[in-house]
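Chains as they are written, first to last, in this note's numbering: chain A, 6 to 818; chain B, 7 to 347.
Idealized CB from N, CA, C, for every residue including glycine.
All of these numbers come straight from a predicted model, not from anything done at the bench.
Below is one structure; the comments refer to it alone.
Spelled out as structure tokens, the structure:
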């Protein structure tokens, strides 16, 4: 909503009150009417200065044009400007406004040096109209001879001149009443210590003809249209509006069209009540009907746009023929034309929710629909009609039929709200406020209230504030008008409900993040949606995928079923920025369709990561090796150890497009697959990720692990006695896994064998090609005594024998 | 000649698609597209044709060329894939059961997580507990129970992503309030951090961002308490600095307010300050007293209980705290950004 402060003054009792725009904007903002910007359209008028015409010559190529020589300075060596001018009312020696090149006139007219019909012109002599001074006629504005040459012209013109200030409001949806100059005046007047002056449409005498003698109005469903005022106006001629109306409209960016349309726009901006004018000739049946659309049909709006009307849309009908989409836009078939002489002026109230529904469906957010959607003033319906009629009568001698047809002739009672002072104090936390204080602040903005009992105030809600329905709305008004800055600050008595809430889920996910950080990984956050292509290239498309119905783009169409595609995209993004050593992770939910849930979706938290480059980033201490499978596995092991008590198994993946078939593993918890770890498939590496180096990825389902959360630690006293280390190397079949051998060793070693670890793996020269050598370090330890060499040797021999028998292994020297 | 072109196309396609090796594919490429290849030969013949025919046949030849080229490219990738598969099949899997390598280092939390955890920690110290709710939500929790029935103008303020029917991506964390209140009686003191979604993508909006929601309901909670708690939060996040509460409108709170913090760059002067756009203030969140209709929707007695709720965008706070000026950089995950946290 744009507000011209000059226009605003028309509705203030003290219309010459001094306004500091910044200060006023600040106050309004603190009252909940946020001023988003302050513009001074006359800003470009700085370059319009006082000048004197020295000489006037004929234009060689145009009879209607003259060439003027102008100075804009008194200095003896002032430069003469040559300016071509079309006006007749100028003479040598005149003092006139000169728009220099670079000036910006109202209506976005920018002045440049140019050639007019072959003669150079360095600016423009201005009429009052061109300067946006509203009420003037043709011809160049004559300035007093005493004016100082070179002075900006705006300084010469009073506050009704071009020095307007335009506020742009960012209104909240509940304040439809402020989509009008009057509505804003009600809020602003008390801030400027003045009162509102309502525009008084001149009185109408009953005319010879009543509107009802010419047309009828039928409202099928009063819920859709609680009030409809129709009035016939004739003896009209379609022409331009008076300058002052055009100037008002232009000041807030509305293009003048013709006198009839302009008046409807003017009154809408003034009162917030949208109006529509039908050409009386086009109401052929003589009956205007307001009814919900019965069945789908096509309709052409006056903008020329064709729309499909659907059942429920409120229509204005001429008999059975739609002539307007109520509250949104009129029809092409009944609009005012160049030869229109009689109109039906509609002023009405329509059902806000239905207007909104229709406007939204058709994407037609018009000045009219915006106001109806937010609720209009039902009493204002008649006022607006009278105001518009009076303007047409006074400016254009139109003949107004009076009285009009009004479907709502019952006198209306203002709604009332009982306001309990105790509630006001309790909710706002303002102890000192008195009933008199409340009454005073409310009355200043036109809401009357009186005291009914000690604690109860009766508040009368004016019809222009349909947003005030309940006592809570009145309390908010009080808080707003008192000013939030005057409300004290206190700390609540905390009800401390924390032991009732299970925060373990959040804790678990956060611990996962911290553990991953401790391993040098960096957290990323990605959008929860991605493209189908990004999932399909890794073979991750799933039947259970959830799609966004109205995505912004293909890239944001499906809810992620895995975190890795986004992480790999980020890997690639960073690789292209020469980041070779990356360690990325994300902890977030994936989304799967699930009919068991009320939302038909389940959200499953996962942790996933991407590791690339070197184990230790290269530096002066030498090069380290590239990352590989076991670095990924190390991360997974650590994560599981920190968070859970589970033991998982690693198995070769099947048919994975993402994973390297020989250098990756799926992670299984019992029979359930809970994740994977390993290097990406060489084909993906070269054809998707643009790299030849190994890239390691992992993904783990945190939800599956959460059930096995490690909640505590059982402490074991470290032994006071020395341990004995024994190294054993076995020659084994390649297929034998280190884990199975280690398990066999542990089993045989019994309670004295405190630890088994792999210290060497070897294949190649000196051993058969189908064999490998595994070296294990065994640590023997007793909590109670120093071990004897003999008992360690016995255990060692037993272990060697067991492994040899079970795996056909040979002990290596 | 046209028949010839068609024949070459058919034959070429099938030969290329079945080329058994990269070498063979190279031979075919020379045969068809090489300097002395079939296509060049045909192009030479063009000059003998009259204008109209030359144009027609020329176009066909061009088509043929692109067609064959795309088949060549496709087959080349395909052969590379087969080659890789073959290499992989000939090697055997590593021993997965060998222990992993454990390394430690300096990692980092995402700036959004850092700020979020900080806010959660500050509020938990004054008695708030963390509640969670789904991101894929029902219209009821996201709008209706929050006093925002269908056709409510406030729905325009939040362009929502829909999934199907009444299922949507939550446009704020407020539905968690409803779920929490429906599951328990007052008193209630919770915060709900998480991802939220709005169909808006430009310099200052991303389709996903994070919010934290706070809710406190008891028998005599007031607007002054809300001011106190937010002062406490901001003091701990940014150090003591003035706040202002500006009347605003949200359907689920009344009275409602926007919370502005004195600009951290110009310290409120508003002079030539890009950060606060010369206003001296920075918007950091919205808040208000829980609307009685919300209490009704969850079965709390509106005449007995009052409560406040507030919400703020985490990215917004993180931008102010760390001096990040582009919202989108949070989701680009540039390594050089991540390394700084």
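Inter-residue distance for residue 177 (chain A) and residue 38 (chain A) is about 8 Å (C-alpha atoms, whole angstroms).
Close partners of residue 167 (chain B) in chain A (Cβ separation under 8 Å): 553, 554, 555, 556. Among the residues of chain B, those whose CB is under 8 Å from the CB of residue 529 (chain A) are 116, 339, 344, following chain order. By the 16-neighbour rule on beta-carbons within 10 angstroms, residue 712 (chain A) is exposed. Along the length of the stretch 410-488 of chain A, whole alpha helix (DSSP H) runs at least 4 residues long occupy 426-433, 440-449, 476-487, reported in chain order. In the three-state reduction of the DSSP assignment, residue 301 (chain B) falls in the helix class. In the DSSP assignment, residue 175 (chain A) falls outside any alpha helix (DSSP H) and lies within the beta strand (DSSP E) extending over 171-175.
In the structure shown, the three-state DSSP call for residue 237 (chain B) is helix.
A Cβ of chain B is located within less than 8 Å of the beta carbon of residue 638 (chain A).
In the DSSP secondary-structure assignment, residue 102 (chain A) is bridged to A:55. For residue 179 (chain B), the nearest beta carbon of chain A is not closer than 8 Å to its own beta carbon. Chain B has a Cβ within less than 8 Å of the Cβ of residue 635 (chain A). Residue pairing from DSSP places residue 351 (chain A) in a beta bridge opposite A:235, A:281.
Think of a sphere of 7 Å around the beta carbon of residue 431 (chain A): the chain B residues whose beta carbon falls inside it are 226, 228, 312, in chain order. In the DSSP assignment, residue 12 (chain B) falls within the unbroken alpha helix (DSSP H) covering 8-23.
Closer than 8 Å to the CB of residue 605 (chain A) there is at least one CB belonging to chain B. DSSP lists B:220, B:293 as the beta-bridge partner residues of residue 316 (chain B). In the three-state scheme derived from DSSP, where H, G and I count as helix and E and B as strand, residue 63 (chain A) is classed as strand. Your pair residue 686 (chain A) and residue 663 (chain A) checks out as a contact, with CB atoms roughly 6 Å apart and the cut at 8 Å.
For residue 393 (chain A), the enclosing alpha helix (DSSP H) starts and ends at 385-401. Counting only Cβ-Cβ distances below 8 Å, residue 506 (chain A) has contacts in chain B at 135, 136, 137, 196, in chain order.
Contact check for residue 421 (chain A) against residue 466 (chain A) passes: the beta carbons are separated by less than 8 Å.
Here residue 217 (chain B) is buried, its C-beta having at least 16 other C-beta atoms within 10 Å. It is roughly 55 Å from the alpha-carbon of residue 274 (chain A) to the alpha-carbon of residue 114 (chain B). At a cut-off of 8 Å between beta carbons, residue 233 (chain B) contacts chain A. For residue 317 (chain B) and residue 95 (chain B), the gap between their C-alpha atoms comes out near 56 Å. Note that the stretch 213-228 of chain B does not touch the stretch 144-158 of chain B; fewer than 3 beta-carbon pairs, one per stretch, sit closer than 8 Å. Restricting attention to A:244, A:243, A:266, the CA atom closest to the CA of residue 254 (chain A) is found in A:266. The beta carbons of residue 484 (chain A) and residue 492 (chain A) sit closer together than 8 Å. For residue 517 (chain A), no chain B residue has a Cβ inside 7 Å of its Cβ, as the nearest lies near 12 Å away. For residue 461 (chain A), the CB contacts under 8 Å within the same chain, skipping 5 residues up- and downstream, are 423, 424, 425, 426 in chain order. DSSP, read as helix, strand or coil, puts residue 131 (chain A) in coil.
For a cut-off of 8 Å, the C-beta gap from residue 744 (chain A) to residue 103 (chain B) is around 3 Å, short enough to register as a contact. One alpha carbon belongs to residue 99 (chain B), the other to residue 669 (chain A), and they sit about 8 Å apart. About 22 Å separates the beta carbon of residue 236 (chain B) from that of residue 272 (chain B), a gap too long to meet the 8 Å contact definition.
Contact of residue 300 (chain B) with chain A by beta-carbon distance below 9 Å is absent, the smallest such distance being about 11 Å.
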